[in-house]
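Participant: Would you mind keeping the following structure in view while I ask a few things?
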Amino acid sequence: MSGDDEGTITDELRIRQLSEELTAQTERVTKLYSAFEQAEKEIVQLKAEIDVLEKEVIDKEIEREGIEQLLGEKDHRIRDLELTSAKRSKQVDHLEPELEKMEEKFTREKDRLTRVFEIAEELDNDLRLAVAELKARDDWYVDHMKVFEDLNKAIKRRYEMIEAA
Numbered sequence: 001m002s003g004d005d006e007g008t009i010t011d012e013l014r015i016r017q018l019s020e021e022l023t024a025q026t027e028r029v030t031k032l033y034s035a036f037e038q039a040e041k042e043i044v045q046l047k048a049e050i051d052v053l054e055k056e057v058i059d060k061e062i063e064r065e066g067i068e069q070l071l072g073e074k075d076h077r078i079r080d081l082e083l084t085s086a087k088r089s090k091q092v093d094h095l096e097p098e099l100e101k102m103e104e105k106f107t108r109e110k111d112r113l114t115r116v117f118e119i120a121e122e123l124d125n126d127l128r129l130a131v132a133e134l135k136a137r138d139d140w141y142v143d144h145m146k147v148f149e150d151l152n153k154a155i156k157r158r159y160e161m162i163e164a165a
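For the record, in the sequence shown the residue sitting at position 14 is 14 according to my numbering, with numbers rising by one throughout.
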């Protein structure tokens, strides 16, 4: 019996040990499964975050390309404006001597026209004076026309008298 007891105890002990080990292993598997589920949830969340971040990266890349395009267009416009400015500057350099010549011609023409206007004023004043003098002469003639007509009649009568005599 004592050998059987030892074997039974050993078997019971062994069953208990195996049962305890099974419980421990079950707890470990449960913990591992919980950890696995937690990790799986985190993976799903991380995948969602990755999707969001990838979309943001794509949006940022599109925005960056748009900004680069705008910068390229602005650089092109700036170069065009600089080129236009350089051309205009050369035009100004070329036209400045012409402008000086034109200003000199303008000054001469202005002086000449000033003299012409002075002469025109003098002529206008002379014309007014002549018109006034002619009017005075015409008025005198009209006022004294009766005398001339009477004188003319007297001269005709005298000739008639001379012829009749």
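All C-beta atoms, glycine included, are put in the ideal place defined by N, C-alpha and C.
Given this structure, state the Cα-to-Cα distance separating Ile15 from Val29, to the nearest angstrom.
Facilitator: One C-alpha to the other measures close to 20 Å.
Participant: Just how far apart, CA to CA, sit Thr10 and Glu27?
Facilitator: Roughly 25 Å separates the two Cα atoms.
Participant: Hey, how far is the Cα of Leu151 from the Cα of His144?
Facilitator: Rounded to the nearest angstrom, the two C-alpha atoms are 11 Å apart.
Participant: Between Met102 and Ile62, what straight-line distance do the alpha-carbon atoms span, to the nearest angstrom?
Facilitator: Distance between the alpha carbons of Met102 and Ile62 is about 57 Å.
Participant: What's the C-alpha gap between Asp139 and Ile119?
Facilitator: Distance between the alpha carbons of Asp139 and Ile119 is about 29 Å.
Participant: Tell me the DSSP secondary structure of Ala130 in three-state form.
Facilitator: Ala130: helix per DSSP, three-state reduction.
Participant: Taking 8 Å as the CB-CB limit, is Ile58 close to chain D?
Facilitator: Of the chains in the structure shown, none is chain D; there is only one protein chain.
Participant: In angstroms, rounded to a whole number, what distance separates the CA positions of Leu83 and Asp75?
Facilitator: Using only the alpha carbons, I get a separation of about 12 Å.
Participant: On the three-state DSSP scale, how would you describe Ala165?
Facilitator: Reduced to three states, the DSSP call for Ala165 is coil.
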